[in-house]
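Please read the structure below before turning to the comments.
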Amino acid sequence: MAGPLTVDVVAPDRVLWSGTAERLIAPTVEGEIGLLTGHEPVLSVLRTGTVRVRGGADGDAEFAIDGGFVSFDRDVVTVVVEPAAPAGEAGETAAH
Amino acid sequence: MAGQQRVYRQKIRATSSLKKIFRAMELIAASRIGKARLRVEHATPYTRAITRAISAVAAHSSVDHPLTTARTDTGRAAVLVISADRGMAGAYSANVIREAERLRGRLQADGKEIVQFAAGRRAVSYYAFRRRELAGQWTGASDAPDRETAREMARALFERFQVSKEDGGVDEIYIVGTRFVSMVTQQAMVLRLLPLEIVEGVQETEEGEIEPLYDFEPSAEQVLDALLPRYIESRIFGSLLHCAASELASRQRAMNTATSNAEDIIRNYTRLANQARQAEITQEISEIVSGADALAAS
Numbered sequence: 289m290a291g292p293l294t295v296d297v298v299a300p301d302r303v304l305w306s307g308t309a310e311r312l313i314a315p316t317v318e319g320e321i322g323l324l325t326g327h328e329p330v331l332s333v334l335r336t337g338t339v340r341v342r343g344g345a346d347g348d349a350e351f352a353i354d355g356g357f358v359s360f361d362r363d364v365v366t367v368v369v370e371p372a373a374p375a376g377e378a379g380e381t382a383a384h
Numbered sequence: 301m302a303g304q305q306r307v308y309r310q311k312i313r314a315t316s317s318l319k320k321i322f323r324a325m326e327l328i329a330a331s332r333i334g335k336a337r338l339r340v341e342h343a344t345p346y347t348r349a350i351t352r353a354i355s356a357v358a359a360h361s362s363v364d365h366p367l368t369t370a371r372t373d374t375g376r377a378a379v380l381v382i383s384a385d386r387g388m389a390g391a392y393s394a395n396v397i398r399e400a401e402r403l404r405g406r407l408q409a410d411g412k413e414i415v416q417f418a419a420g421r422r423a424v425s426y427y428a429f430r431r432r433e434l435a436g437q438w439t440g441a442s443d444a445p446d447r448e449t450a451r452e453m454a455r456a457l458f459e460r461f462q463v464s465k466e467d468g469g470v471d472e473i474y475i476v477g478t479r480f481v482s483m484v485t486q487q488a489m490v491l492r493l494l495p496l497e498i499v500e501g502v503q504e505t506e507e508g509e510i511e512p513l514y515d516f517e518p519s520a521e522q523v524l525d526a527l528l529p530r531y532i533e534s535r536i537f538g539s540l541l542h543c544a545a546s547e548l549a550s551r552q553r554a555m556n557t558a559t560s561n562a563e564d565i566i567r568n569y570t571r572l573a574n575q576a577r578q579a580e581i582t583q584e585i586s587e588i589v590s591g592a593d594a595l596a597a598s
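In order, the protein sequence lines correspond to chains L and V.
FYI, the numbering for the first sequence is 289 to 384, going by this note's numbering.
FYI, the numbering for the second sequence is 301 to 598, going by this note's numbering.
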């Protein structure tokens with residue numbers, strides 16, 4: 289089994305979360321997608337919902353988003369999000 | 301003679317008040333540049349992620365998206381020049397405009413018509429003075445750009461790329477701006493926004509490794525549709541942030557130089573004023589002495 293996922297969650301003006309995690313759950317336009325290590329490369333568009341990072345080195349994190357996309361390639365996950373305005377703050381507090 | 305002394309004193313006073321202004325502007329620029337650099341740094345991961353995603357779509361799918369294929373029907377190119385709102389930043393705006401003129405020359409040599417967009421008052425007034433028509437202009441926030449402005453620019457440029465030739469459509473979109481390399485180096489540069497030409501950040505598959513099959517959800521076209529506006533906006537916003545940081549760095553350097561020039565001038569004038577005063581004293585003494593001599597001789 290390969291190592292943990294390398295996860296980056298970035299917003300237009302800052303990096304929301306960066307580190308390693310076991311699992312990432314994101315709301316795509318076609319339904320929730322759960323990413324574990326060894327997933328096939330995927331690039332998908334996100335809808336409004338919550339991105340959840342599980343089993344991170346410093347705990348779990350959740351981000352309310354307004355859209356964006358997630359890309360997965362060789363256990364590197366990049367989530368580009370448009371943070372939802374009020375919940376974005378909550379996401380920030382969860383990250384710190 | 302006394303008049304000369306007064307003139308020198310006046311010049312010294314004027315120069316020292318200028319020096320205060322220069323110093324203040326230097327300090328203002330210095331205090332803002334940290335924040336501007338931070339904004340550049342914070343926005344970079346986003347821009348890079350989007351660029352990488354776009355490149356992945358372009359490299360791993362065979363979609364013939366209208367936005368990734370070159371358009372040649374209109375013979376027009378849109379050029380967005382990003383300059384400063386205010387002067388007092390050395391050659392900052394002049395460098396950008398020179399670069400833009402060079403690009404203009406090159407495009408015109410290729411037989412293209414230029415659709416000019418300008419951001420920053422310096423560029424706007426440059427084109428206004430030469431009576432060149434601007435397709436769009438944005439002023440007022442060159443040293444602290446916000447996303448709203450970037451979104452507006454992206455919308456205006458992107459629209460040009462999508463509409464037909466009759467409605468003023470363009471083949472290509474260029475941005476002329478300044479890249480913030482370091483505090484001492486800022487480089488004027490041209491960036492071609494559309495059509496996409498660079499495939500950067502996509503990992504090369506190693507020898508013998510199977511090319512990964514990307515899964516696009518919902519479909520490659522729709523992913524591109526969703527990505528491209530964001531890509532353009534983030535590239536423009538990134539450029540604006542780079543330009544803001546460069547502008548502040550140029551201004552700080554220019555004002556630093558101006559301050560020390562003012563000091564030099566003050567020093568020179570002080571010397572001249574002293575000399576004038578001394579000459580006056582000497583003249584008065586010699587007048588008194590020669591007067592006394594004349595009286596003693598009579």
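Note that CB positions come from ideal geometry on N, CA and C, so glycine has one too.
Only a predicted model underlies this, so the values are computations on that prediction, with no experimental measurement involved.
Quick one: which chain L residues come within Cβ less than 7 Å of I350/V? V368
Answer with buried or exposed for P518/V, where buried requires no fewer than 16 other C-beta atoms within 10 angstroms of its C-beta. exposed
What residues from chain V crowd round V341/L, counting only those whose CB sits closer than 9 Å? By Cβ distance, chain V contributes nothing, its closest Cβ being about 16 Å from V341/L, past 9 Å.
On the three-pair Cβ rule with 8 Å, is the segment 377-396 of chain V touching the segment 411-430 of chain V? yes
Whose Cβ in chain V lies nearer than 8 Å to the Cβ of A299/L? Y346
Can you find a CB in chain L that lies within less than 8 Å of the CB of D443/V? no
Closer than 7 Å: is that where the CB of I585/V sits relative to any heavy atom of the ligand FAD? Ligands in the displayed structure: none, and consequently the ligand FAD is not present.
Secondary structure of R386/V, DSSP reduced to three states: coil
DSSP beta-bridge partners of Y427/V: Bridge partners of Y427/V: none, in fact.
Between F516/V and K320/V, what straight-line distance do the alpha-carbon atoms span, to the nearest angstrom? 60 Å
Helix or strand or just coil, what does DSSP make of P371/L? strand
Given L407/V, which residues of its chain have a CB within under 7 Å of its CB, disregarding the five upstream and five downstream residues? A377, I414
Helix, strand or coil for M325/V per DSSP? helix
Same chain, Cβ closer than 7 Å to A299/L, neighbours up to 5 away in sequence not counted: V369, P371
Under a three-way DSSP split, which group does P529/V fall into? helix
Could you check what DSSP says for M453/V in three-state terms: helix, strand or coil? helix
Are the C-beta atoms of P329/L and some chain V residue less than 8 Å apart? yes
Spatial neighbours of R447/V within its chain, please: CB distance less than 7 Å, with the 5 preceding and 5 following residues excluded, ordered by chain position. F537
In whole angstroms, what separates the C-alpha of L540/V from that of I382/V? 7 Å
On the CB-based measure, 16 or more other CB atoms within 10 Å of its CB, does L293/L come out buried or exposed? buried
Classify E328/L: buried if its beta carbon has 16 or more other beta carbons within 10 angstroms, exposed otherwise. exposed
In its own chain, which residues sit with a C-beta less than 6 Å from the C-beta of C543/V, not counting the 5 before and 5 after it? I382, G477, T478
Nearest neighbour of D354/L, chosen from V367/L, V364/L, L334/L [CA to CA]: L334/L
Here's the rule: buried if 16 or more other CB atoms are within 10 angstroms of the residue's CB, otherwise exposed. What is Q583/V? exposed
Determine, using beta carbons only, whether R447/V comes closer than 8 Å to chain L. yes
Show which residues of chain L have a CB atom less than 8 Å away from the CB atom of S534/V. P300
With burial defined as no fewer than 16 other Cβ atoms inside 10 Å of the residue's Cβ, what is the status of I581/V: buried or exposed? exposed
Could you tell me if E433/V is buried or exposed, where buried requires 16 or more neighbouring beta carbons within 10 angstroms of its beta carbon? exposed
Please confirm if V365/L has its CB atom under 8 Å from at least one CB of chain V. no
When the Cα of I312/V is compared with those of D564/V, A579/V, I588/V, G591/V, which residue comes out closest? D564/V
Can you tell me the Cα-Cα spacing of E310/L and L527/V, whole angstroms? 27 Å
To the nearest angstrom, how far is it from the Cα of V341/L to the Cα of A454/V? 32 Å
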